[in-house]
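S.K.: One structure is given below, represented as structure tokens, and several questions about it will come after.
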Ligand SMILES: Cc1cc2nc3c(=O)[nH]c(=O)nc-3n(C[C@H](O)[C@H](O)[C@H](O)COP(=O)(O)OP(=O)(O)OC[C@H]3O[C@@H](n4cnc5c(N)ncnc54)[C@H](O)[C@@H]3O)c2cc1C
Ligand SMILES: Nc1ncnc2c1ncn2[C@@H]1O[C@H](COP(=O)(O)O)[C@@H](O)[C@H]1O
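Residue numbers (this note's numbering), protein chains in the order written: chain S, -19 to 227; chain R, 5 to 329.
Pasting the structure below:
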């Protein structure tokens, strides 16, 4: 069984967000990029666990990104996986990202494609579902558990107000979230090994975006917290009723 | 041309967020000079469906196939694409919730339609089709233009107030021919949290962090939540230490919520925690450390010991409720 894990490079969670060119571009100056936490902690680690358990035979990684994404891919390879593919383009239209991955993956006969629940930059959660449609595969979103036996996946997933366990024959696309596995830290051996693992660069297919970000802005700053004395909870309740109008 | 809204029911009833999505779809249709249709899937009564008329639905297409009672991205996609083509829909709207997010991307890919995930505004038609959404976990907004002929939107609930009006929708049965492949996913087991308000839909939320010291102290938060009619949430270390179940964990790696009121008790307000809650309309922070970063994101703050402040707040809420019966 071959697994493909989709790795999205994203700004570090503590990044101060700023824009340039009249608020039309995200200003990446001084921003540190990391592996999208859902992709790293859940999708990739679960794929590696399945390989260690002898269920998967290969784990490949794919990123749609320019050359500056390579340190992130190497970091992912330090956790595990045999090879990585970088599709040489950049887009914040999820359709383009999904179509690029689909274009590459369709000839590779992957049994399982894992992605994260969403990228923490644009908060879409869209690429996995689009990819499933493009590859004509089933799709299970928001999975918190995944096992595979005899070509059938058993997946625990979030539903409205609870959890559901599904079974589905492969091939399958799964979007992963908390519960799936415990985060790992790459060790020295992994980091050394990652240096020599193959990182294939694939030219981008000609795919036109269907959406584009016109501009950005920042939410208005909070006007400042109103402090209430700890003895005076009646006042707090009163403010929540008359001023905030939430109770 | 028309606008179509996917209305997903929960065991035969529509929830408030569905009314909100229908109302949003009706407003979008009106701004485009066209009509809105709604798609209902699975086992739901005609009376319940007709009720969507009170929120602006004129016509509801109903695929009464019981296999659709569980959300299945492939079968739902086929139904929605069939309905959209029949209605010549140019805009397709689903909720930005676990079900909508599983279906909308497939529909968009199938129709080669651009998608905005988590819309918090009406489309601005003066500049094309520009929709506002939050990005960077609530730290900023993006204005996204969809350029394809067909557009897909997942709509973030609790954005616009719901207004109940007059009206009754007409119900039209829709036949969709499914293949075995469409139901390849089999449901083995369903576990629903019963009784409590699901966190993702709660309008009021009481949340505890490591400052609560241990699971044995959660009783005072449960009392407050019960008195308010609120759901419970927690920070990540609390769930990681198994003080509370994982589904209560909010933040960057947990759930994202946008309640009207979020009361954070003994939570420092790390950026990754804020990422899951900063869409809340009003934030109250109770923390004994005046320097806790959460106060910067709060509307109301109480500097004090949670063990004393929370029971006092619960009493004050009780008093208020009795006075406002
Ligand atoms: C990539 C990444 C993702 C993460 N994702 C998440 C996430 O999804 N959600 C999340 O919550 N965290 C997340 N974290 C962790 C986050 O950075 C913080 O460590 C965490 O939120 C801290 O939890 P806390 O506020 O409960 O605990 P602490 O930071 O320990 O804060 C406890 C607070 O309680 C106060 N306190 C103590 N005693 C009392 C008392 N008696 N009365 C009142 N107040 C008291 C203290 O003053 C302090 O402010 C993530 C971290 C990383 C690196
Ligand atoms: N540029 C990218 N390259 C590879 N995978 C991606 C990329 N962007 C998103 N993904 C995958 O798709 C998931 C959902 O992303 P998104 O739809 O952007 O929120 C992520 O968790 C990744 O697994």
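For every residue, glycine included, the Cβ atom is placed at its ideal position computed from N, Cα and C.
(1) Would you mind telling me which residues of chain S sit closer than 8 Å to residue 312 of chain R, beta carbon to beta carbon, in chain order?
(2) Can you tell which of R:82, R:159 and R:106 has the C-alpha that lies nearest to the C-alpha of residue 95 of chain R?
(3) Consult DSSP for residue 76 of chain R and reduce its assignment to one of helix, strand or coil.
(4) Is it the case that the Cβ atoms of residue 123 of chain R and residue 143 of chain R are separated by a distance below 8 Å?
(5) Using the beta-carbon count (16 or more within 10 Å), is residue 192 of chain R buried or exposed?
(6) Please determine whether the Cβ atom of residue 256 of chain R lies at a distance below 7 Å from any heavy atom of ligand 1.
(7) Is residue 80 of chain S buried or exposed, if buried means 16 or more other CB atoms sit within 10 Å of its CB?
(8) Note down, in chain order, every chain S residue with its Cβ under 8 Å from the Cβ of residue 110 of chain R.
(9) Output needed for residue 109 of chain R: all residues of its chain with C-beta closer than 7 Å, excluding positions within five of it in sequence on either side, in chain order.
(10) What residues in the region 256 to 267 of chain R have a beta carbon less than 7 Å from any beta carbon of chain S?
(11) Identify each residue in the region 176 to 199 of chain R for which the Cβ-Cβ distance to at least one residue of chain S is less than 8 Å, and report them in chain order.
(12) Could you name the residues of the same chain whose beta carbon sits closer than 6 Å to that of residue 127 of chain R, not counting the 5 residues immediately before and after it, in chain order?
(13) Using beta-carbon positions only, say whether residue 64 of chain R and residue 53 of chain R come within less than 8 Å of one another.
(14) Within 10 angstroms of its Cβ, does residue 82 of chain R collect 16 or more other Cβ (buried), or is it exposed?
(15) Report the option in R:59, R:281 and R:319 whose CA atom is closest to the CA atom of residue 166 of chain R.
(16) Is there at least one non-hydrogen atom of ligand 2 closer than 7 Å to the beta-carbon of residue 104 of chain S?
(17) Taking buried to mean at least 16 other C-beta atoms within 10 Å of its own C-beta, is residue 67 of chain S buried or exposed?
(18) Check residue 87 of chain S in the structure and name its three-state DSSP category.
(19) For my contact list, residue 152 of chain S and residue 117 of chain S are in at a C-beta cut-off of 8 Å; report their separation, rounded to the angstrom.
(20) Looking at ligand 1, does it come within less than 7 Å of residue 241 of chain R, judged from the CB to the closest heavy atom?
(21) Cβ-heavy atom distance between residue 45 of chain S and ligand 2 below 7 Å?
(22) First and last residue of the beta strand (DSSP E) that includes residue 66 of chain R?
(23) Return yes when at least one heavy atom of ligand 2 lies under 7 Å from the C-beta of residue -13 of chain S, else no.
(24) Looking at residue 17 of chain S and ligand 1, is the gap between the Cβ and the nearest heavy atom below 7 Å?
M.R.: Taking the coordinates as given:
(1) 210
(2) R:159
(3) coil
(4) no
(5) exposed
(6) yes
(7) buried
(8) 109, 110, 112, 113 and 119
(9) 119
(10) 256, 257, 258, 264 and 265
(11) 188, 189, 190, 191, 192, 193, 194, 195, 196 and 197
(12) 133 and 135
(13) yes
(14) buried
(15) R:59
(16) yes
(17) buried
(18) coil
(19) 6 Å
(20) yes
(21) yes
(22) 63 to 67
(23) yes
(24) yes
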